[in-house]
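Everything on this sheet refers to the single structure shown next.
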Amino acid sequence: GLGLSAMLGILRGHRAGLLLQTEEGKGTTFQIYFPAAKSALEAATQDRTEKRLKAGGLLLLAEDEPDVLESTTDLLRRLGFDVEAVPDGMDAVAAFEARPGAFRVALLDLTMPRMGGREAASRIQAARPDLPILLTSGYAESEAMAGARNMRFLRKPFLADELRDALAELLAE
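Residue 174 is where the sequence shown ends in the numbering used here, and the numbering goes up by one at each step.
Below, the structure is given as structure tokens:
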């Protein structure tokens, strides 16, 4: 499936490198290179475009892949958000319903067990149409909902800068 693609997206989000060496009959060796922590933080928060992210507030994150959930939560915190991270759309809707006025923005994966991001976004926006929602997917999903008011789409794997810029645009509307 998407295991290697997801891993590459995580590594790119952290400005990390990947070296693969394959030898027939011996297998494959993966070498992963991460930058020093201070450099990664500077790279994640550096504004390379004119888009300025006015971070802060509580962000609702729904992602079913544990490693992607963890790395995205870490990145969002570095960008300045408080994050409530949940493993699927059903939990995202429950978290939203528990305190609908608390969230500033939501980031929802489209393909998750129990309830996907598309249905979760519809339920959340039915209750609070002003809440900005960023939909993500590694699959060739339809981006139809992304054209709706207060909604955008970001294809996975994404870089830290791409996530920052997408959130900046969404929150500036």
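All residues carry an ideal CB built from backbone N, CA and C; glycine is no exception.
Classification of residue i by the beta-carbon crowding that lies within 10 angstroms, buried from 16 upward
i: residue 48; result: For residue 48, the predicted model reports a pLDDT of 45, less than 50, meaning its position is unreliable; a value from the coordinates is still stated below. Classification of residue 48: exposed, given that the 10 Å Cβ count is below 16.
i: residue 33; result: exposed
i: residue 102; result: exposed
i: residue 29; result: exposed
i: residue 157; result: buried
i: residue 21; result: exposed
i: residue 14; result: buried
i: residue 85; result: buried
i: residue 153; result: buried
Helix, strand or coil at residue i [DSSP, three-state]
i: residue 91; result: helix
i: residue 160; result: coil
i: residue 77; result: helix
i: residue 110; result: strand
i: residue 50; result: Model confidence at residue 50 stands at a pLDDT of 43, short of 50, so the residue's coordinates are unreliable; what they give is reported in the following sentence. In this structure, residue 50 counts as coil in the three-state DSSP scheme.
i: residue 57; result: coil
i: residue 82; result: coil
i: residue 120; result: helix
i: residue 24; result: strand
Rounded separation between residue i and residue j - CA only
i: residue 82; j: residue 24; result: 44 Å
i: residue 4; j: residue 54; result: 30 Å
i: residue 166; j: residue 123; result: 23 Å
i: residue 11; j: residue 169; result: 20 Å
i: residue 127; j: residue 121; result: 10 Å
i: residue 74; j: residue 130; result: 24 Å
i: residue 174; j: residue 31; result: 42 Å
i: residue 50; j: residue 162; result: Any reading at residue 50 must be qualified, since the residue scores a pLDDT of 43, below 50, and its modelled position is unreliable; the value itself is stated next. Straight-line Cα distance between these residues: approximately 9 Å.
i: residue 92; j: residue 26; result: 45 Å
i: residue 159; j: residue 77; result: 13 Å
i: residue 96; j: residue 19; result: 36 Å
i: residue 99; j: residue 9; result: 35 Å
i: residue 155; j: residue 139; result: 9 Å
The ligand ZN heavy atom lying under 7 Å from the CB of residue i
i: residue 58; result: Absence of the ligand ZN is noted for the structure shown, with no ligands found whatsoever.
8 Å contact criterion, which residue i and residue j should meet: CB distance rounded
i: residue 63; j: residue 118; result: 6 Å
i: residue 17; j: residue 36; result: 7 Å
i: residue 125; j: residue 87; result: Going by Cβ atoms, the distance from residue 125 to residue 87 rounds to 12 Å, so no, they are not a contact pair.
Open item on the list: Would the segment 89-108 count as touching the segment 126-139 if we require 3 or more Cβ pairs under 8 Å?
Closed with: yes
Open item on the list: For the pair the segment 68-80 and the segment 111-128, tell me if three or more CB-CB distances fall below 8 Å.
Closed with: no
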